[in-house]
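Student: With positions in the sequence shown counted from 1, the corresponding number in this note's numbering is that position plus 81.
We treat Cβ as the ideally placed atom computed from N, Cα and C, and that holds for glycine.
Keep in mind the model is a prediction, meaning the values are calculated, not measured.
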Amino acid sequence: MARTKGARDIDYDGKRRQLLEKITLHLMRREGARASLRDLASAAGVSGPTLRHYFGDRQALIAAVLEECLRRGRPGLDAQRQSGLPLAASIHAYAADLVAAMTAEKSVRLGDMVALSLAEGFLDPAYSRPALDFILEPTLQGLEARLAEHAARGELREGVDLRMAALMLVSPLMLACLHQQQLDGRHVRPLALDDLIESACEAFLHAFGQGDAIDSRPRAELARA
82 MARTKGARDI DYDGKRRQLL EKITLHLMRR EGARASLRDL ASAAGVSGPT
132 LRHYFGDRQA LIAAVLEECL RRGRPGLDAQ RQSGLPLAAS IHAYAADLVA
182 AMTAEKSVRL GDMVALSLAE GFLDPAYSRP ALDFILEPTL QGLEARLAEH
232 AARGELREGV DLRMAALMLV SPLMLACLHQ QQLDGRHVRP LALDDLIESA
282 CEAFLHAFGQ GDAIDSRPRA ELARA
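(1) Just to check my reading of the structure: residue 216 and residue 147 have Cβ atoms closer than 8 Å, yes? What is that Cβ distance to the nearest angstrom?
(2) Once the 5 residues before and after residue 133 are set aside, which same chain residues still bring their CB inside 8 Å of it?
(3) Is the beta carbon of residue 257 sitting closer than 8 Å to the one on residue 277?
(4) Quick check on residue 83: does DSSP put it in helix, strand or coil?
(5) Mapping the DSSP letters down to three states, classify residue 223 as helix, strand or coil.
(6) Quick one: residues in its chain with C-beta nearer than 6 Å to the C-beta of residue 84, no 5 flanking neighbours on either side, listed in chain order?
(7) Relative to the C-alpha of residue 242, which residue among 109, 222, 212 and 93 is closest?
(8) Check each candidate in 96, 102 and 108 and name the one with the smallest Cα separation from residue 195.
(9) Take residue 229 as the anchor and find which of 290, 209 and 111 has the nearest alpha-carbon.
(10) What do you get for residue 136, buried or exposed, if any count of 16 or more other CB atoms within 10 angstroms of its CB means buried?
(11) For residue 253, collect the residues of the same chain with a Cβ closer than 6 Å to its Cβ; drop the 5 residues on either side in sequence, then sort them by chain order.
(12) Kindly list the residues whose CB is nearer than 6 Å to the CB of residue 201, restricted to its own chain and excluding five residues on each side of it in sequence; keep chain order.
(13) DSSP on residue 95, reduced to helix/strand/coil?
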């Protein structure tokens with residue numbers, strides 16, 4: 082029996098995910114100018130109409146790529162929403178994990194997805210919302226939830242704006258990683274990311290920590306104390 086016009090394949094979701102994987106890997110290679118829908122169809126080994134069948138237009142396709150990144154990264158993000166560590170150790174652990182995710186030696190790094198989302202969002206306002214919804218805001222909100230726990234324990238100064246605090250920790254770390262990796266700054270002006278982690282955490286703890294919680298010694302030293 083012929084498939085009704087507009088009906089989905091039996092394995093529609095599976096085929097869609099396979100296409101997303103191929104397209105994501107192509108986008109991460111950052112070869113040449115901004116990829117068109119035709120370019121992305123070619124990279125996925127399908128026709129333009131096939132790609133439109135599964136995703137619609139280019140804007141919807143890029144949004145789907147970013148949403149898939151969030152789906153795959155959700156377990157890690159959820160794990161970052163809480164910590165049983167004291168404030169100083171918790172902040173150092175979070176910062177180190179963020180930098181590791183941004184710079185990991187794998188085909189699709191968090192840094193690559195941040196770079197893609199920013200590039201698309203800055204070039205065209207129509208792409209800005211997916212960049213926020215699927216990449217930047219989940220990262221910030223995860224840290225805000227973690228900080229809320231520390232605030233409830235009395236480890237943060239009273240009245241701290243958790244969103245502002247999260248931005249002040251995430252921003253320098255993300256920018257440094259993008260500078261060193263995606264912009265190839267490591268070959269222009271190398272930066273010791275471990276030293277940046279320590280400096281950023283120390284500044285954060287002194288700005289927002291309460292009492293003994295501002296102890297900014299590295300995690301390893303805290304563990305030995």
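Tutor: Once the coordinates are examined:
(1) 6 Å
(2) 118
(3) yes
(4) With a pLDDT of 44 at residue 83, under the threshold of 50, the predicted position of this residue should be treated as unreliable, though the coordinate-derived value follows. Looking at residue 83 - three-state DSSP - the assignment turns out to be coil, as it is neither helix nor strand.
(5) helix
(6) Residue placement at residue 84 cannot be trusted, given a pLDDT of 48 that sits under 50; what the coordinates show is reported in the next sentence. Taken in chain order, the list of residues that qualify is empty.
(7) 222
(8) 108
(9) 290
(10) buried
(11) 281
(12) 143 and 208
(13) helix
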